[in-house]
Amino acid sequence: MSDFAIKAENLGKLYRTGQFVGYRNLQENLSHALLSPFRRFRDGSTQATKPDNYIWALKDVSFQVRQGEVVGIIGRNGAGKTTLLRILTRITEPTEGGAEIRGRVSALLEVGTGFHPELTGRENVYLNGAILGMKRYEIKRKFDEIVEFSGVEKFIDTPLKRYSSGMQVRLAFSVAAHLEPEILLVDEVLAVGDAQFQKKCLGKMENVSKEGRTVLFVSHNMAAINRLCPRAILLDNGRLVQDGHSVSVTNAYLNGEAGVGGQRTWELEEAPGTDELRLTSIKLLKADGTPASVVEVHEPLTLRIGYHIGQPGLSFRCAALFFTQGVCAFSTIEPSETRQEQIGDYFSEVFIPPNLLAEGEYTVGITIFNSRGIKLQFVRVRDTITFQIFDPMTEPSARGDYAENLAGVMRPLLKWKSLFRE
Amino acid sequence: MKSIISEPVIRIRPSRGWVPVHLRDLWAYHELFYFLTWRQIKVRYKQTVLGFAWAIIQPVMMMVVFSLFFGNLLGVSSEGTPYPLFSYAALLPWNLFAQGVALSSNSLVSEANLVKKVYFPRLAMPLSGILPPLVDFLIGFLVLVGLMFYFGYGLTLRMLWLPVFIILAMLTAAGIGLWLSAINAKYRDIGHIVPFLIQLGLFVSPVVYPASLLPQRFQTFYGLNPMAGVIEGFRWTLLGTEPPGYLIAVSAAIVILLLVSGLYYFRHREKEFADVL
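Protein sequence lines correspond, in order, to chains V and E.
Just so we're aligned, residue 227 is where the first sequence starts under my numbering, counting upward by one.
Just so we're aligned, residue 241 is where the second sequence starts under my numbering, counting upward by one.
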């Protein structure tokens with residue numbers, strides 16, 4: 227059975243680093259040759275013998291994508307995601323290995339590629355369509371649809387330079403959204419454009435996958451990956467680290483981020499805190515007691531703060547601060563101080579109700595202190611754990627049936643009602 | 241989904257050594273080539289007051305200056321034809337060539353974003369710089385027809401050769417453009433060399449003087465400058481000056497050499513374009 231759409235085998239891409247990055251001029255090259263004429267001979271000048279000057283942006287990456295599958299590709303910046311797409315779209319060649327692609331491929335590494343400010347909207351639609359691989363009759367057939375989708379009908383015969391940047395992006399998106407490839411490779415284009423357009427494009431992407439098209443989707447947006455792609459591939463340092471169910475792969479990704487994830491423990495010697503009290507563990511638990519770093523918005527959570535008390539009779543309270551998008555979403559504090567008479571390990575738990583936090587990435591800061599009499603701060607750490615909230619839209623949530631971006635850091639499920647005005 | 245009539249299989253492998261020129265692949269993208277060419281023409285005189293009149297003003301001004309200094313003051317031979325006509329008939333193919341070289345040698349660098357974001361046969365980039373100057377050429381040609389009429393030149397059968405020399409001028413530009421654009425992707429020095437090279441070439445080619453000005457034994461070597469053959473041939477078909485003979489044969493051979501080597505050199509360099517641009 228050969229129903230794969232993409233098959234990559236041991237793909238590798240070697241890039242030069244150091245002195246010869248990017249473009250050079252002849253003088254640099256000549257002076258380099260003059261200053262060290264024998265370098266070439268000394269070092270052998272082959273790639274293998276000079277590992278320092280080269281970096282594998284991608285190495286030994288193998289995977290198969292079945293026809294009609296929607297696969298997310300995740301990884302940190304520089305993990306090789308874009309390099310992978312660029313190889314699969316034939317923009318650049320692999321250094322080793324190979325790939326086979328069955329079907330017509332379209333790639334969206336950027337929207338509006340080749341747009342020219344002096345040309346009119348109409349002319350740019352044709353030009354951009356041709357650049358993205360559409361035939362002229364196809365563009366002609368879909369032209370009205372494209373223009374209507376973009377919402378710039380009135381300006382279609384105006385030079386592009388008179389458009390607002392928002393209008394340009396919308397027109398560009400619109401052309402891209404009307405591609406009808408069998409295989410679509412998308413690189414984070416959804417990060418551009420206003421919210422309304424993102425929704426339209428997400429909708430288009432869902433349609434595309436429903437129509438049996440194959441989609442590779444590179445993104446940093448774990449919520450979008452989880453919502454759109456059943457399967458995800460995790461790249462790290464150019465290598466394929468994990469390939470599997472999106473939730474577990476995104477989980478692994480977030481856990482792998484500098485050892486930070488849904489749980490963290492410290493050995494007593496290096497635990498943050500003072501001799502009186504040290505923070506020894508912090509865990510985000512699901513209802514069934516398992517630690518999690520990717521959580522669905524409708525799940526109740528428990529934050530368990532473990533600590534060691536080194537002095538009997540210590541009085542203190544814990545506080546947790548939840549940060550996202552650079553702000554503190556909320557903080558919560560034990561309503562009263564507790565007093566523990568014995569040295570030992572304890573924990574405090576705080577219960578987070580479902581449908582509280584909006585989708586996105588959160589980090590948790592912990593403070594443990596005493597404010598009776600002389601104020602004493604035992605523990606104060608930020609970024610202890612990170613976790614990700616997404617809305618699969620399978621359970622009742624604040625989204626309802628609305629797939630677009632929602633603003634805000636809280637996502638309470640509130641009751642709505644609409645009535646006749648009395 | 242509609243049934244897929246053909247299911248193309250794309251195989252991606254690292255290329256080794258010399259890469260074949262896939263003409264079929266190029267043909268599959270002929271519409272993109274057409275659009276890129278069309279865009280160059282469309283954009284060329286946007287936001288200018290005189291628009292396509294520039295296609296006439298430039299060569300006519302040069303003709304006037306050349307006629308004044310080289311024709312009248314220096315008394316350069318024009319093989320019996322009126323000097324303005326003599327120089328103008330050379331400026332047209334020269335400009336066709338020079339603009340083509342300028343556009344194509346810069347094509348990859350000026351459209352680096354396209355090369356880095358979309359796949360298409362890269363050959364379409366430098367080649368799309370070759371046809372747009374033809375528009376300027378045809379407009380300028382109207383003036384040439386007027387001049388010929390004014391100086392009493394009529395139609396001859398010889399003029400049937402004209403398309404050959406027009407094509408040869410464009411092929412020369414393509415051959416040089418392929419080389420320069422591929423080098424330019426990595427070494428931006430080319431961007432500085434080209435304007436200077438074109439300026440120099442104007443005087444190394446028989447634009448302001450006839451090729452017959454050179455000693456007889458150098459005539460054939462002069463053909464090593466392919467534009468020498470093109471310009472001499474061009475003047476011969478229209479004005480009946482000295483027939484170019486060996487000169488044109490040498491030039492044509494050089495053009496073919498430039499073109500074929502340019503194609504292969506370009507293909508050889510092609511794989512690194514997206515990485516060095």
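Glycine included, each C-beta is placed from N, C-alpha and C at the ideal position.
Computed from a predicted model, the values in this text were never measured in an experiment.
Contacts of residue i in chain E (Cβ-Cβ under 7 angstroms)
i, result
"G340(V)", "L354"
Reduced DSSP secondary structure (H/G/I, E/B, other) of residue i
i, result
"F341(V)", "coil"
"E575(V)", "strand"
"E563(V)", "coil"
"Y393(E)", "coil"
"G417(E)", "helix"
"N235(V)", "First, the amino acid is wrong: residue 235(V) is Glu here, not Asn. In this structure, E235(V) counts as strand in the three-state DSSP scheme."
"N596(V)", "strand"
"A333(V)", "strand"
"L464(E)", "coil"
Cα-Cα separation, residue i to residue j
i, j, result
"A231(V)", "N433(V)", "18 angstroms"
"G340(V)", "P483(E)", "46 angstroms"
"L408(E)", "K387(V)", "38 angstroms"
"I179(V)", "V475(V)", "Because chain V spans 227 through 648 in this model, residue 179(V) falls outside it and cannot be assessed."
"L454(V)", "M360(V)", "25 angstroms"
"I569(V)", "T516(V)", "28 angstroms"
"R649(V)", "S344(E)", "The structure shown does not extend to residue 649(V), since chain V is modelled only from 227 to 648, so the question has no answer here."
"R256(E)", "P320(V)", "11 angstroms"
"P580(V)", "Q603(V)", "31 angstroms"
"F573(V)", "L583(V)", "24 angstroms"
"L222(V)", "I372(V)", "Within the shown structure, residues of chain V are numbered from 227 to 648, placing residue 222(V) beyond reach of any answer."
"R253(E)", "G323(V)", "7 angstroms"
"A234(V)", "A478(V)", "22 angstroms"
"V473(V)", "T309(V)", "24 angstroms"
"L335(V)", "V358(E)", "8 angstroms"
"F389(E)", "F326(E)", "14 angstroms"
"G301(V)", "A458(V)", "10 angstroms"
"V444(E)", "N465(E)", "8 angstroms"
"L453(E)", "A330(E)", "15 angstroms"
"A333(V)", "D609(V)", "37 angstroms"
"K509(V)", "R490(V)", "6 angstroms"
"R284(E)", "Q290(V)", "46 angstroms"
"E344(V)", "K282(E)", "9 angstroms"
"S649(V)", "V395(V)", "Residue coverage of chain V in this structure runs from 227 to 648, which leaves residue 649(V) outside it and unanswerable."
Contacting residues, own chain, Cβ-Cβ under 6 angstroms from residue i (five flanking each side not counted)
i, result
"R509(E)", "A422"
"E575(V)", "T528 and R530"
"A295(E)", "D376, I379 and G380"
"R312(V)", "T318"
"L402(E)", "T477"
"G463(E)", "G469, L487, V490 and S491"
"Y352(V)", "I365"
"K239(V)", "A283, L284, T309, P320 and T321"
Cβ pair residue i, residue j closer than 8 angstroms
i, j, result
"G591(V)", "L547(V)", "yes"
"P356(E)", "I611(V)", "This sequence places Lys at residue 356(E); Pro is not what is there. Cβ distance not < 8 angstroms, so K356(E) and I611(V) don't count as in contact."
"M636(V)", "A555(V)", "yes"
"T460(E)", "V490(E)", "yes"
"L478(E)", "M399(E)", "yes"
"H534(V)", "L480(V)", "no"
"E326(V)", "V259(E)", "no"
"A633(V)", "G464(V)", "no"
"L363(E)", "N424(E)", "no"
"T564(V)", "R543(V)", "yes"
"T506(V)", "G532(V)", "yes"
"S317(E)", "P435(E)", "no"
"L420(E)", "I430(E)", "yes"
"G502(E)", "G441(E)", "no"
Amino acids of chain V, ordered along the chain, whose beta-carbon sits closer than 7 angstroms to that of residue i
i, result
"S255(E)", "E319"
"E271(E)", "A356, K361 and R362"
Chain-ordered neighbours of residue i on chain V, where CB pairs are closer than 8 angstroms
i, result
"P248(E)", "R328, G329 and R330"
"F275(E)", "Y352, L353, A356 and I357"
"D515(E)", "Y241 and T318"
"V261(E)", "Those do not exist, as V261(E) stays about 16 angstroms from chain V at its closest Cβ, beyond 8 angstroms."
Chain E residues whose Cβ lies nearer than 8 angstroms to that of residue i
i, result
"A403(V)", "Under the 8 angstroms cutoff, chain E gives no residues; its nearest Cβ is about 16 angstroms from A403(V)."
Beta-carbon neighbours of residue i, restricted to chain V and to distances below 9 angstroms
i, result
"R251(E)", "G324, A325, E326 and I327"
"V358(E)", "T315, I317, A333, L335, E336, T339, G340, I357, L358 and G359"
Close beta carbons around residue i, own chain, < 8 angstroms, minus the five adjacent residues each side
i, result
"P538(V)", "Q566, E567, Q568 and I569"
"R504(V)", "W492, L494, A497, P498, Y533, H534, G536, F604 and V605"
Residue i: contacting residues in chain E (beta-carbon distance under 9 angstroms)
i, result
"R530(V)", "Near R530(V) there are no residues of chain E at all, since even the closest Cβ is about 47 angstroms away, more than 9 angstroms."
Close beta carbons around residue i, own chain, < 7 angstroms, minus the five adjacent residues each side
i, result
"R242(V)", "N279 and Y280"
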